[in-house]
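Below you'll find the structure, written out as structure tokens, and then a few comments.
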């Protein structure tokens, strides 16, 4: 009985655990937004305020979602990450809607609805994609 209990406890530690962090609106909601027509207020009404907004380029919106796999005592691994970037022109009208993901650890554009230049060159977006898995809670104390 004790051996069986110990074995069950040991095996349960080898089960992969998945944690989801953040939010990216579904494609159905994004289809309601039209680049060049809708405004920042429309975005707030349709999909809600983002968890991150850019400090540069007029306060662009970034919605970020990560899925992290933890397996036993191994280091957590980011298995999926998506960033939805919505940028605005000087009048607060949507200029770009772009969705980025990870493939082999590198950011990849998953979809683009663009009226002018791409937001993929922005350092902030690259920092979001590149640094999520590198956070160590001990560094904050």
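Numbering (my numbering), first residue to last: 599 to 739.
All residues carry an ideal CB built from backbone N, CA and C; glycine is no exception.
CB of residue i within 9 Å of CB of residue j, strictly
i	j	result
residue 695	residue 615	no
residue 681	residue 667	no
Straight-line Cα distance separating residue j from residue i
i	j	result
residue 718	residue 599	Summary for residue 718: the model assigns pLDDT 48, below 50, so the residue's position carries little reliability, and this model does not support an answer.
residue 674	residue 612	13 Å
residue 642	residue 701	30 Å
residue 623	residue 687	21 Å
residue 630	residue 683	16 Å
residue 639	residue 697	20 Å
residue 716	residue 672	At residue 716, the pLDDT of 46 sits below 50, so the modelled position is not reliable and the matter cannot be decided from this model.
residue 767	residue 659	No information on residue 767 is available, as it lies outside the stretch 599 to 739 that the chain covers here.
residue 632	residue 669	42 Å
Residues that residue i bridges to, as DSSP identifies them
i	result
residue 668	615
residue 682	661, 697
residue 676	666
residue 640	Partner(s): none; residue 640 has no beta bridge.
residue 541	Since the first and last residues shown for the chain are 599 and 739, residue 541 lies out of range.
residue 691	637
Among the options, nearest to residue i - alpha-carbon criterion
i	options	result
residue 685	624, 619, 637, 623	637
residue 625	618, 661, 687	661
residue 617	679, 659, 632, 646	679
residue 657	643, 671, 647, 700	647
residue 699	664, 693, 671	664
residue 692	669, 630, 634, 659	634
Expected contact under 8 Å - CB spacing of residue i and residue j to nearest Å
i	j	result
residue 690	residue 649	With a Cβ gap of about 20 Å, residue 690 and residue 649 do not count as contacting.
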